[in-house]
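Student:
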Amino acid sequence: MNYRWLAKRFFSSLFVLAAVIALNFVIFRMMPGDAVSTIIDPSFSPEAKENLRSIYGLDRSLPEQFVIYVKQMLTFRFGLSFISRKPVWDELLSRLPVTLALTTASMALSAVFGIWLGIKAALNRGRLAEKIVLAASAVTASFPGFFVQIVLLMLFARALPIFPLRGTLSVPPPEGSAALFFDYVRHMALPVLSLSLIGFGGWALYVRNLMVRALGEDFVLMARARGLPRGRVVWHAFRTIMPPIITILLMSVPGLVSGAVITESVFSLHGIGTFLLEAVSGHDYPSAGASFYLLALITVFCNFAADVAYGFADPRVRIEGKKE
């Protein structure tokens with residue numbers, strides 16, 4: 000591996016994070032509205048107002064606020080939320096399990112199902128199976144995510160009450176760890192299913208195109224001519240398309256996390272997405288800045304990891320993109 004290239008990519012990622020930190024600070028303070036009115040009631044005494052301004056650092060100049068903001072981002076001590084009056088980091092940690100469960104499960108299901116369908120379509124070119132996969136992929140990829148989720152809610156939570164209509168857990172929650180776990184799974188099933196339906200079509204189309212190209216390579220034709228089993232031939236072809244699949248998998252993580260904002264809002268889940276929307280609408284600078292900073296951190300890390308993983312996954316390609 001070329002460590003000079005790796006260091007260049009690392010420092011460019013740091014530059015992107017620095018730009019995100021600066022833009023977060025400026026944009027949220029340029030938005031219409033007043034953050035002071037969010038935390039200070041008009042009935043407060045002047046002493047109480049000044050005390051709150053001092054606690055949240057609003058009595059300082061913008062350069063001083065920026066220095067404090069940068070320290071908070073770098074040390075992950077994001078201060079107190081204007082809305083809940085609790086530490087922002089504690090709020091994020093309390094909502095993180097829901098967002099992780101939603102994004103991880105939906106990404107795994109959509110990727111596995113989409114890759115499997117893409118391979119099946121490539122192996123059945125010109126047949127009915129390929130036409131069904133292409134049609135289903137095109138249909139699911141053409142609808143907006145929130146529309147699919149609302150339709151699923153109307154069908155399977157309202158008309159046919161198979162799944163809960165909203166929330167992460169029932170109110171009051173059931174007693175016992177097993178009952179609590181199954182209640183949590185019932186509430187998360189429809190959101191996960193919706194994101195999986197939205198995402199598998201892109202995977203199927205992408206893998207199908209890659210496999211069609213790989214199955215036409217000379218080494219695949221030679222393997223078939225030698226009489227190798229079909230499973231081994233398909234596996235060898237699939238191994239050659241692993242690098243771009245790994246890259247797309249890592250690159251899809253930021254978009255999936257961003258999509259969780261809408262999904263959590265539609266299904267009223269107690270996750271980071273709803274927390275971000277509440278922070279932006281309530282002019283909660285510490286919470287909104289921390290949420291966007293973490294999203295940027297995930298995006299930059301995934302981009303960097305995708306570049307590194309591509310070099311490890313395909314030994315024929317140098318990390319610079321040149322052949323050995």
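Here numbering that gives the first Met the number 0 is used: the first residue of the sequence shown is 0, the next is one more, and so on. Beta carbons are placed, not taken as given, at the ideal position from N, Cα and C, and that holds for glycine.
#1: Where residue 296 and residue 16 are concerned, what is the direct C-alpha to C-alpha distance, given to the nearest angstrom?
#2: Could you check what DSSP says for residue 268 in three-state terms: helix, strand or coil?
#3: Please work out which residues of its chain come closer than 7 angstroms, Cβ to Cβ, to residue 102, disregarding the five sequence neighbours upstream and downstream, and give them in chain order.
#4: Opposite residue 79 in the DSSP bridges: which residues?
#5: When DSSP labels each residue in this structure, what does residue 235 get in the three-state scheme?
#6: Enumerate, from N- to C-terminal direction, the unbroken alpha helix (DSSP H) stretches of 4 or more residues contained entirely within the segment 145 to 214.
#7: Which class does residue 60 belong to by DSSP, given the choice of helix, strand or coil?
#8: Quick one: what does DSSP say residue 227 is sitting in, helix, strand or coil?
#9: Residue 124 and residue 232 - do their beta-carbons sit closer together than 8 angstroms?
#10: With a threshold of 8 angstroms on Cβ separation, who are the neighbours of residue 147 within its own chain once the five nearest residues in sequence on each side are excluded?
#11: Could you please give the first and the last residue of the uninterrupted alpha helix (DSSP H) stretch that includes residue 129?
#12: Can the beta-carbon of residue 178 be found closer than 8 angstroms to that of residue 162?
#13: Should residue 154 be labelled buried (16 or more other beta-carbon atoms within 10 Å of its own) or exposed?
#14: Check whether the segment 78 to 89 and the segment 270 to 286 are in contact - that is, three or more C-beta pairs closer than 8 angstroms.
#15: Taking the C-alpha atoms as reference points, what is the distance between residue 107 and residue 203?
#16: Grab me the residues of residue 308's own chain with a C-beta within less than 6 angstroms of its C-beta, minus the 5 sequence neighbours each way, in chain order.
#17: For residue 123, which three-state DSSP category applies?
#18: Please name the residue in 70, 301, 93, 217 whose C-alpha comes closest to that of residue 250.
#19: To which residues of the same chain is residue 121 closer than 7 angstroms at the C-beta, ignoring the five residues directly before and after it?
#20: Using 8 angstroms as the threshold, is the segment 126 to 142 in touch with the segment 224 to 242, meaning 3 or more CB pairs across them?
#21: Measure the alpha-carbon distance for residue 60 versus residue 66 and round it to whole angstroms.
#22: Near residue 112, which residues of its chain fall below 6 angstroms by C-beta distance, leaving aside the five closest residues on each side in sequence?
Tutor: Put simply:
#1: A direct Cα-Cα distance of roughly 7 angstroms separates residue 296 from residue 16.
#2: Residue 268 falls in the coil class under three-state DSSP.
#3: For residue 102, where only same-chain residues beyond five positions count, the Cβ hits under 7 angstroms are 255, 256, 259.
#4: As computed with DSSP, residue 79 is found in a beta bridge with 86.
#5: The three-state reading of DSSP puts residue 235 in helix, counting H, G and I together.
#6: With a minimum length of 4 residues, the continuous alpha helix (DSSP H) runs that stay inside the segment 145 to 214 are 176 to 214.
#7: The answer is coil: DSSP assigns residue 60 none of H, G, I, E or B.
#8: Residue state, collapsed to three classes: coil.
#9: Cβ distance not < 8 angstroms, so residue 232 and residue 124 don't count as in contact.
#10: Excluding residues within five positions, the ones whose Cβ falls inside 8 angstroms are 139, 193, 196, 197.
#11: Counting along the chain, the alpha helix (DSSP H) containing residue 129 begins and ends at 127 to 141.
#12: Not closer than 8 angstroms, so no.
#13: When all chains shown are included, residue 154 counts as exposed.
#14: These segments touch.
#15: If you take the alpha carbons of residue 107 and residue 203, they lie about 14 angstroms apart.
#16: Cβ within range, chain order: 245.
#17: Residue 123 falls in the coil class under three-state DSSP.
#18: Nearest Cα to residue 250 within the set 70, 301, 93, 217: 301.
#19: Non-local C-beta neighbours of residue 121 in its own chain, meaning closer than 7 angstroms and more than five positions away in sequence, comprise 207, 210, 211, 214, ordered along the chain.
#20: Cβ pair count under 8 angstroms is below three, so no.
#21: Residue 60 and residue 66: Cα-Cα distance of roughly 10 angstroms.
#22: Answer for residue 112: 199, listed in chain order.
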